[in-house]
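This report refers to the structure that appears directly beneath it.
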Amino acid sequence: MELARSADFLCRKILEIQPGENVVIYADSATDPRVVQATAAAIYAIGAHPVVLWYETRGDIDLPPPPPVEAAVLAADLVIEYAVAYLVHSAMWAKAREKGIPMKCLTGMNADMMIRCINPDNYEKMQEFGRAYNEVLRRAKSGFRVTSPAGTDITFKAYTPEELKERLARYRRAVAAGRRRRGGMLGGQGMFPAKANTVNGTIVFDGAIWPPAEVGAIKEPIEMKVKDGVVTEIVSDHPEARIVKNWFAHFHDPDAYSIVHISTGFNPGVKRITGDTVEDERVFGCVEIGIGMASPQKPCHTDGIILHPSIWVDDELIEKDGIFVEPTLKKLAKELG
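What follows is the structure, encoded as structure tokens:
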């Protein structure tokens, strides 16, 4: 019952699926079938047409799916991705975006995660927190600093008012076209309005990093040195760190080491690391860093999680050791539980 409720909320309220629409759901063999079935049933109950595609799990992210998957996606009114080996940076996604098809990435979603992370009881309050958090970040005149008990200490510059205005204008155009309003990612994450190529310092991932598929939830922290937005050294040398080093190295591409985004998680349904990246990125209060300038030609992207961070906006401390201390955010976080 709880799963059906979350699936219905996803389809009716978040995705705003309309009667008569053709909605493609694609999943690989690692996907939880309960989520796919509940979503298809919710789509059908609206009067839309669920089209469900299953295929084998590929060995890495963003590898081309079987041709019939792309054909169906490009004929859809809306697409939901549940495949564990996600395709966000693939040529198929690029073509779908070019056509203006809303694409919702819910990679690796399972039944337990859906009930906790797509919760009708707190979704609107979570969105309110996200809006407030974005307003706090936009106060930055110079930049940001992130530290953590595990050893993270990085600084990076904010967008100028002119740059931020242009980015917001592009976002609003996408919302108006329906691509961002009905597409995008799982709720509960906010991106720093920052220049990724200005990140300098030390990153220590102590929550999770995925891919590579052999890691996920981290047993030992993984330390990296960063200069001007590029990972210059993976300092740690334990087994998990060596797996990560080899994963980066096998691309033979300097772009694999480029930081591309920095975000904060605030989904109240995520209290701990599980090893599922779509969930781990939204651990309440965490900082997530995406590394790897992926494209359809090179699927080199990974996401790492920093737990219990402290965050400064210019000289203002807004989060301390994973607890939001900025007054508005503190109040909203308390209301979210």
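As numbered in the numbering used here, the sequence shown has no gaps in its residue numbers, which increase by one up to the final residue, 472. Even for Gly, the Cβ is constructed at its ideal location relative to N, Cα and C.
Using only CA atoms, which one of the options lies nearest to residue i?
i    : options                : result
F386 : E368, I369, P434       : P434
L442 : T409, L198, H184       : T409
L213 : M227, A231, I196       : A231
A175 : D143, R317, E375       : D143
A246 : R140, D372, P444, S371 : R140
N335 : M359, V186, E301       : M359
I394 : V204, D411, M428       : M428
H436 : Y392, S398, K406       : Y392
V186 : T166, A211, D167, M227 : A211
A468 : G400, I426, Q172       : G400
G243 : D390, P346, D372       : P346
D167 : V422, D411, A267       : D411
A267 : M326, R307, L241, D456 : M326
I152 : D390, I353, A177       : A177
I'd like the list of long-range same chain contacts for residue i, defined as Cβ closer than 8 Å, with 5 residues on each side in sequence excluded.
i    : result
G278 : T290, F291, K292, A293, A329, T333, D449
R193 : D163, P200, A220
I453 : V271, I446, W447, F459, V460, E461, L464
I388 : According to the sequence as given, residue 388 is Asp; it is not Ile. Hits under 8 Å: K433, C435.
D288 : R280, V281, T282, G336, T337
Just how far apart, CA to CA, sit residue i and residue j?
i    : j    : result
E216 : L222 : 8 Å
A275 : I369 : 30 Å
G342 : K260 : 26 Å
I236 : P202 : 18 Å
R377 : T367 : 15 Å
A384 : R273 : 36 Å
E233 : D363 : 31 Å
F264 : K466 : 9 Å
L150 : L321 : 11 Å
L209 : D256 : 34 Å
K406 : W382 : 28 Å
M249 : F340 : 25 Å
E298 : G182 : 42 Å
I397 : M227 : 25 Å
D438 : A173 : 28 Å
G472 : Y190 : 39 Å
V379 : P444 : 22 Å
M285 : I344 : Note that residue 285 corresponds to Ala in the displayed sequence, not to Met. Cα to Cα, A285 sits roughly 15 Å from I344.
N157 : L145 : 16 Å
V365 : I357 : 16 Å
Buried or exposed: where does residue i fall if 16 or more other Cβ atoms within 10 Å of its Cβ makes it buried?
i    : result
K239 : buried
A206 : exposed
E470 : exposed
Q324 : buried
A304 : exposed
R302 : exposed
P296 : exposed
P374 : exposed
Y258 : buried
Y179 : exposed
A331 : buried
R317 : buried
Taking 7 Å as the limit between beta carbons, can you name the residues of its chain near residue i, skipping five residues before and five after?
i    : result
S225 : D197, P199, P431
V171 : I160, A162, V187, Y217
R147 : I181
E137 : I250
P154 : I181, G182, A183
Among the residues of its own chain, which have a CB less than 6 Å from the CB of residue i, if the five just before and after it don't count?
i    : result
R251 : G404
N402 : C252, G323, R417
Ranges of the beta strand (DSSP E) found wholly within the region 316-348, counting only runs of at least 3: 324-326, 335-340, 343-345
Uninterrupted alpha helix (DSSP H) stretches inside the region 255-311 (no shorter than 4 residues): Those alpha helix (DSSP H) runs which fall completely within the region 255-311 and span 4+ residues are 258-272.
Minimum length 3: unbroken beta strand (DSSP E) runs contained in the region 168-221: 184-190, 213-216
Every unbroken alpha helix (DSSP H) inside the region 352-384 [4 residues or more]: Runs of alpha helix (DSSP H) with 4 or more residues, each lying fully within the region 352-384, are found at 374-384, listed in chain order.
Continuous alpha helix (DSSP H) assignments of at least 4 residues falling wholly in the region 441-469: none
Contained alpha helix (DSSP H) runs [length at least 4] in the region 377-425, N- to C-terminal order: 412-415
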